[in-house]
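Asks: Below: one structure in structure tokens.
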Amino acid sequence: MVHNTGMVTAIVMVQAERQRIQETAEALAGVPSVREVYSVTGEWDIVAILRLVRYEDLDDVVTGHLRKVDGITRTQTMLAFRTYSEALLDQGFGVGLDEGAGT
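Numbering-wise, UniProt numbering puts 16 at position 16 of the sequence shown, and it's gapless, one number per residue.
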């Protein structure tokens with residue numbers, strides 16, 4: 001089932017100064033249109049999920065707000081073109097897990 005909210009979703013991957021990852025993530029969480037912020041493993045330090053009313057708002061948020069957050073050294077922004085329901089995504093993470101095992 002495909003879910004369409006009418007909103008634009010952007011995923012912003014962030015590299016931050018190592019000693020400032022936590023405060024950078026906290027600052028990102030306070031930016032308008034940022035709905036979720038995660039610290040992650042790998043090449044990127046932080047992932048921010050943006051929800052925007054209009055595509056045109058992306059420039060305001062990324063260049064007007066995100067680039068002003070101290071501690072960010074590099075970003076990469078991706079636009080989501082399709083959203084799947086959260087229930088379906090949760091099912092994917094449960095593949096191969098037997099909740100009744102060991103009881």
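Glycine included, each C-beta is placed from N, C-alpha and C at the ideal position. A quick note: this is a predicted structure, and the numbers were derived from the prediction, not measured.
Is the Cβ of Gly-71 closer than 7 Å to any Cβ of chain B?
Replies: Among the chains in the structure shown there is no chain B, since it carries only a single protein chain.
Asks: So, using beta-carbon positions, are Val-8 and Leu-52 closer together than 7 Å?
Replies: By one-based count along the sequence shown, residue 8 stands at place 8. By one-based count along the sequence shown, residue 52 stands at place 52. Yes; because the gap between Cβ atoms is below 7 Å, this pair is in contact.
Asks: State the Cα-Cα distance for the pair Gly-42 and Thr-73, rounded to the nearest angstrom.
Replies: Here the question's residue 42 lines up with position 42 in the sequence shown. Here the question's residue 73 lines up with position 73 in the sequence shown. Computed Cα separation, rounded: 15 Å.
Asks: If Ile-11 sits next to Ile-46, beta carbons under 8 Å apart, how far is it from one beta carbon to the other, in whole angstroms?
Replies: If you number the sequence shown from 1, residue 11 lands on position 11. If you number the sequence shown from 1, residue 46 lands on position 46. With a Cβ gap of about 11 Å, Ile-11 and Ile-46 do not count as contacting.
Asks: For Val-31, which residues from the same chain have a beta carbon less than 8 Å from its beta carbon, with the 5 sequence-adjacent residues on both sides left out?
Replies: Start at 1 with the first residue of the sequence shown, and residue 31 comes out as number 31. Excluding residues within five positions, the ones whose Cβ falls inside 8 Å are Ala-48, Val-61, His-65, Leu-66 and Val-69.
Asks: Tell me the DSSP bridge mates of Ile-49?
Replies: Position 49 of the sequence shown, counted from the start, is the residue given in the question as residue 49. In DSSP, Ile-49 forms a bridge with Ile-11 and Glu-36.
Asks: Can you look up Thr-41 in the DSSP assignment and give me helix, strand or coil?
Replies: Along the sequence shown, read from residue 1 onward, the residue named residue 41 stands at position 41. Here Thr-41 sits in coil by DSSP.
Asks: Output yes or no for whether 7 Å exceeds the beta carbon distance between Arg-44 and Met-78.
Replies: Looking up residue 44 in the sequence shown gives position 44. Looking up residue 78 in the sequence shown gives position 78. The question names Arg, yet the displayed sequence has Trp at residue 44. No, these two residues do not count as a Cβ contact at 7 Å.
Asks: Using DSSP with H/G/I as helix, E/B as strand and the rest coil, what is Arg-82?
Replies: In the sequence shown, residue 82 corresponds to position 82, counting from 1. Reduced to three states, the DSSP call for Arg-82 is coil.
Asks: Going by C-alpha distance, which of Gly-6, Asp-57 and Ala-16 is nearest Val-40?
Replies: Along the sequence shown, one-based indexing puts residue 40 at 40. Considering only alpha carbons, the answer is Ala-16.
Asks: Which same chain residues, not among the five before or five after Ala-80, have their C-beta less than 6 Å away from its C-beta?
Replies: Position 80 of the sequence shown, counted from the start, is the residue given in the question as residue 80. Same-chain partners within the cutoff: Thr-9.
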